[in-house]
Structures are given as C-alpha cells and as structure tokens.
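One structure below.
Structure (structure tokens):
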C-alpha cells in the first residue's frame, strides 16, 4: 500500500527502496542493490539525533531531525529516492486475532469494523492494516491475522519528514516486522522459532518468528538510554561520558565497579521482562512453537556479557544478530565499519530488503 496507508511488506512496492530507521538516539540508512545472487551494500551510515528531538516515537523537533537526516543523506549520496521507514511504541497496536473471513479481500473490506473491537483509539485517528498469519491459516471457520493500527499523526510525521528531506515515502512499516525481515534476509527460513530482541534507546522490540512469519510481536518500554541515565546518576558523570563508558568501560576501578553494579541490576530487570513476554507466548502456544534461540540487536547489544546474562535468566542461547551477514559490499565501504555498526542496522536492513529481489 502507498502512503498514507500503513504497509508491512509484502512487496506491494517494487522499486528499490532505502531503509530509513529513524530512532530517538540515531538515524540509520541502508541502501541495497542485488547482484543476482544476493544483496549488495551500496551505502550505509548513521547519525546521532539531538536529545529529546524524538520522544516515545513522536518527532518533537522535526527541523532538528530533518537537519541531521539531510546531512547524512548528503554524506552517503544514495541513488535510491524511495524510502521505507517504520514506527513502534504506544502509537502502534499489534494484536493477533481471528476474523470470520476466508478471503484476504473480504478481510480488507471489513478490517475497520474488526479494528473497532480492539483498538483503544478513535478509529478515525488510526491507519489500519493486517497480515495473515501462516499464509492465511484458517482456524475455526476464520483466518488468523495480525491486526495493526497506527496513530495517523505519527505515521504522517514520519511521512512528512521523509518528504521534507527530498525522499519519497513508500512504506511505513512496524519495527518488529522489519526486524523479522532482517533476520530472514541473513539466515533464511528456519524451521524452529527464534526470538529477536532489538534494544533501542527508549524502547525494545521483541519478535518471535517461525519460518519467516511473525507469530508474536511486542514493544517494551525500556532501552539503552535508561541504562545511560542510571550510570550517570550512579557516577555523577555527564550524559555523553556515561554513554561512552556504557559501551567501552572505564580505566577507573571505582567507576567500573559502580557501572558494573548498575548494568547488572538493570539488565537483570530487562531479562526478566523479556522472560515474562516469552513465557506469555509459550502459555498460549503449542510446544512445537517454543523458541530455541534468541538474537539481540541495537546499540545495547554490544553491552559486555549481556548475552550471558540474558541466557542465564531467559534460558535460551543468545547471540548478537548480524543482519548484514553474507551481504556483498560495494567498493569504498570499509568492512570494519560494516562490522562495527551491523547490529544497529537490523531495522534499516529489514526495511531495505522489503522490495529487493535477487
């Protein structure tokens, strides 16, 4: 579907598309092409967003965000002008439901009426879309779908920003679904369920996928900024210094001790929240769909021993997701740079792959 409709793939837009992940901490851009055997990275980059310019997914200072995005586009000079972006948080509702229809056309015609039963906003305030699960799996004389509703004002903010910087908004996706698309691009269709956890600055997306289909998706209200603020409070450091220490550590033994304690406490809480979500999923699923692995992405995926801590509490093997795994790289792009930013590019990758054909 075209803007202003909410779209989640699925190939309606056939032009090459720019993956544009507009986060509260940074903007990520990925441009891909195909060499006939797989994706080729043509341009890739990220730029920091001014503090409080984007809050809870809402663009509070569009002029500042547009300035950052224009500068990033100027540096990267992508050839593709059509962009896919995505949203998450309180403004997006993703709910698995069963509708009493068999045909996708019939589902689409009746979607507004179904949405009114589940969406906690006035129906005039949202765009709605759906994704048929398991290829339109029929269940109890109906079809199991993901109902997606997004606040119009938020979708319009992202579309307007995209247009302001000279791009053409083609798709507005949902972060969790873009994350699943990125995993599929790197690993293909796996027969066992996989948990994907993207830890952003202000929010975390969890998506459980099975054979290329999202079977559980949720946004959670914690992220890397929460940890930076906790380090800042414990050490008395400036925010920027606390952010650096969070990732790289400190040579000061006393500060290292404080930071380790803060990180452990908060990451324990994150892991418990994730385990609750996974346990909820398991309680409502058959044993055949129990997850077997967990992959983390986002800037906080680099946190020291986060994988070990998550694995201990959640009870699954944990790895850092490299969504660019196996991608060819255009000349002029340093492989070392690709490695350093790859886990942060998961959502941008899923967006850029939306219309890419081999």
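Numbering (this note's numbering), first residue to last: 12 to 369. All C-beta atoms in this analysis are idealised placements derived from N, C-alpha and C, irrespective of residue type, glycine included.
Shown here for residue 222: same chain residues with a beta carbon closer than 6 Å to its own, the five before and five after excluded, namely 200 in chain order. Pairing residue 98 with residue 63, the inter-Cα distance amounts to about 17 Å. Inter-residue distance for residue 43 and residue 263 is about 42 Å (C-alpha atoms, whole angstroms). Sixteen is the threshold: when 16 or more other Cβ atoms of the shown chains lie within 10 Å of the Cβ of residue 230, as they do, the residue is buried. Under the DSSP assignment, residue 224 falls in the beta strand (DSSP E) whose first and last residues are 224-231.
Membership of residue 330 in the beta strand (DSSP E) is indicated by the continuous run 329-331. Excluding its 5 nearest sequence neighbours in each direction, residue 124 has no C-beta neighbour in its own chain below 8 Å. Note that the C-beta distance between residue 362 and residue 31 is below 8 Å. With a threshold of 16 other beta carbon atoms within 10 Å, residue 291 falls short and is exposed. DSSP, reduced to helix, strand and coil, places residue 51 within a strand of the structure shown.
One thing to note: residue 309 has its Cβ within 8 Å of the Cβ of residue 210. Proximity to residue 254 across 278, 265 and 212 peaks at 212, based on C-alpha coordinates.
For residue 167, the enclosing alpha helix (DSSP H) starts and ends at 163-175. Around the Cβ of residue 128, a 10 Å sphere holds fewer than 16 other Cβ atoms; the residue is exposed. When only Cα atoms are considered, residue 358 and residue 237 end up about 20 Å apart. Taken in chain order, the complete alpha helix (DSSP H) segments of 4 or more residues contained in the stretch 65-106 are 73-87. Between the stretch 54-63 and the stretch 78-89 there are three or more C-beta pairs closer than 8 Å, enough to call the two in contact. CA-CA distance, residue 102 to residue 180, rounds to 19 Å.
Excluding residues up to 5 positions away in sequence, 208 and 331 lie with their Cβ nearer than 6 Å to the Cβ of residue 307 in the same chain.
In this structure, the alpha-carbon of residue 183 lies about 46 Å from that of residue 265. One thing to note: residue 289 has its Cβ within 8 Å of the Cβ of residue 206.
Pairwise C-beta distances place the stretch 266-282 out of contact with the stretch 342-354, as fewer than three of them are shorter than 8 Å. The Cβ-Cβ distance between residue 106 and residue 144 does not fall below 8 Å. If you check the CB distance, residue 73 and residue 178 do not come in under 8 Å. Contact between residue 282 and residue 320 holds, with the beta-carbon distance rounding to 6 Å and staying under 8 Å. Under the three-state reduction of DSSP, residue 143 is assigned to strand. The alpha-carbon of residue 87 is positioned some 46 Å away from that of residue 294.
A check of alpha carbon separations from residue 247 across 226, 227 and 270 identifies 270 as the nearest. Here DSSP, grouped into helix, strand and coil, assigns residue 212 to coil. Of the residues 54, 314, 296 and 228, the one whose Cα lies closest to the Cα of residue 259 is 314. Every alpha helix (DSSP H) of 4 residues or more that sits fully in the stretch 249-312 is shown, in chain order, as 250-259 and 264-294. Residue 324 carries a helical assignment under DSSP once its states are collapsed to helix, strand and coil. Under the three-state reduction of DSSP output, residue 153 falls in the strand class. One thing to note: residue 29 has its Cβ within 8 Å of the Cβ of residue 95.
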